[in-house]
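Everything below concerns the one structure shown next.
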Amino acid sequence: MDESPSKGWLAEMLCCCSLLEDFVAKAYRRIALLVADRDVKLLLRYLANDSLKHARTLSDMSKRLSAKVNVNPEKCSKLMGEAWMNAFKDAERWLSRKEKVGAEELLALIASMEAIEKLAGEEYLMVINAKLLESLLEEHGLKFKHYKAILEWIAEDEKRHEAIMKAVREIISRQP
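In terms of the numbering used here, the sequence shown opens at residue 173 and continues consecutively.
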């Protein structure tokens, strides 16, 4: 398989997105263990499962483009920007959480996770899609429309994740 610079760069971007999605999935699952409300737990577990699906899909796409992808959070920060690293650190912080999460703290968490969902949707749909158009349409003989469709579906899921986070916020706000 051709390992051109644009293909390797795009594979790294997809791998970084996968890394973030994986940490976000684990953070949602961890938070679900730490909240008392059963409806909130259900919604957070749904988000965790969906984010894990995204992580695996993005990883598979990355591997399809290049078998030699090696990234870490620092490299991803340079490639994806400060917003990526902030989102990663937020997810990492919640992943290491051990104490129960109260309503007020959960509202703050929801705000930070909404920012992550928004970042993820924008990154997948806009940045990566544009790079796919530039470098892969015909040059590498890949079936671009399939990659584009997958990224659009993930971006749509991210919009739904934002709506789910809003529902979680509403549930928490109604609690005494």
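Beta carbons are placed, not taken as given, at the ideal position from N, Cα and C, and that holds for glycine.
If I follow the unbroken alpha helix (DSSP H) through residue i, where does it start and stop?
{"i": "Ala208", "result": "Neither: Ala208 is in no alpha helix (DSSP H) and is coded neither H nor E."}
{"i": "Glu271", "result": "No alpha helix (DSSP H) holds Glu271; DSSP gives it neither H nor E."}
So residue i and residue j are supposed to be a Cβ contact under 8 Å. How far apart are they, rounded?
{"i": "Ala220", "j": "Arg236", "result": "With 8 Å as the limit, Ala220 and Arg236 do not qualify as a contact, their Cβ atoms being about 25 Å apart."}
{"i": "Leu251", "j": "Trp266", "result": "Leu251 to Trp266, Cβ: 23 Å. No contact."}
{"i": "Asp194", "j": "Ala227", "result": "4 Å"}
When DSSP labels each residue in this structure, what does residue i get in the three-state scheme?
{"i": "Ser238", "result": "coil"}
{"i": "Val243", "result": "coil"}
{"i": "Gly180", "result": "helix"}
Just to confirm, is the Cβ distance from residue i to residue j under 9 Å?
{"i": "Val273", "j": "Cys187", "result": "no"}
{"i": "Glu334", "j": "Glu286", "result": "yes"}
{"i": "Glu330", "j": "Lys290", "result": "yes"}
{"i": "Ala263", "j": "Val196", "result": "yes"}
{"i": "Lys213", "j": "Val207", "result": "yes"}
{"i": "Ile326", "j": "Tyr218", "result": "no"}
Please classify residue i as buried or exposed, where buried requires at least 16 neighbouring CB atoms within 10 angstroms.
{"i": "Asp222", "result": "buried"}
{"i": "Ser345", "result": "exposed"}
{"i": "Lys179", "result": "buried"}
{"i": "Glu276", "result": "exposed"}
{"i": "Glu328", "result": "exposed"}
{"i": "Ser268", "result": "exposed"}
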